[in-house]
Amino acid sequence: MRKNVAKAKPFNFDYDPKKTALVIIDMQRDFCAPGGFGEALGNDITPTKSIIPTVRKVLDAARAKGIPVIHTREGHKPDLSDLEPAKLRRSSSIGKKGPMGRILVRGEYGHDIVDELQPIKGELVIDKPGKGAFYETSLQKHLKKHGIESLIVCGVTTHVCVHTTIREANDRGYECLMLEDGTAAFDPRDQEAAIRMVNQQGGIFGWTTTSDEFLKSLK
Ligand code: TIU
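Numbered by our numbering, the letters in the sequence shown go through residues 59 to 277 in order.
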């Protein structure tokens, strides 16, 4: 039975914590620290960095309640064999040396998750070559195996990897609650539009709410 209810848009989000996972998208140094991929694309990383404490609060609560946590990381194999030329053409910094190692390359310091949100034992880490967490990964198999129906989604960036993942999840039958203050885009206009795009048209891709409303619903 779905006994937990979070006040959300466009209407209340009900979920069974036993069939729910927290998905934290790409909270990597490459997006949240100076000298990474985010900056190389010409962005100010202040907004992505600023959500770390909020995501940490949600992460702590999920851990305390036994809600499974899934972390994702965008990046590529060191030989870049999984990097499509079409992606490289518009993100030419990938693989280049930066102050945190080669940009968006697995195993490099910049590619890893920020200190505050480091995974602990038993938490799944999904390495993905694309923007969506379902493309070329074992995520769907894992969710099916664990009987997950609902996803609480945090991370960066809202309009890119968070959105792509929510859209992929929605098409696969998962119900997604995106946390408005647990996600960030580099530009506030993208953040606002990305939130609206999820909850518009009766929740065309899912639901949105604040971290406080989600935490209240967990109690
Ligand atoms: N560029 C941008 O906003 N984001 C990405 O390239 N990846 C993620 O969103 N993780």
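Virtual Cβ for every residue (Gly too), placed ideally from N, Cα, C.
Buried is the label assigned to M158, since at least 16 other Cβ atoms lie within 10 Å of its Cβ.
Residue burial annotation: E226 is buried, with at least 16 other C-beta atoms found within 10 angstroms of its C-beta. In the DSSP assignment, Y73 forms a beta bridge with N62.
For A98, the uninterrupted alpha helix (DSSP H) segment begins and ends at F95 to A98. The Cβ-Cβ distance between R230 and Q259 does not fall below 8 Å.
Relative to the Cα of N228, the nearest Cα in the group L237, T215, E207 and T241 belongs to E207.
The beta carbons of G153 and G168 sit about 12 Å from each other, so the pair does not count as a contact at 8 Å.
Counting along the chain, E194 sits inside no alpha helix (DSSP H), nor does DSSP assign it H or E at all. Between the alpha carbons of K203 and E181 lies a distance of about 15 Å. The beta carbons of P136 and G94 sit about 17 Å from each other, so the pair does not count as a contact at 8 Å.
Assigned with DSSP and collapsed to three states, D102 falls in coil, not helix or strand. In the three-state reduction of the DSSP assignment, E233 falls in the strand class. For G213, the closest of T104, A191, A242 and P143 by C-alpha to C-alpha distance is A242. Separation of F244 and N101 (C-alpha to C-alpha, rounded to the nearest whole angstrom) is 6 Å.
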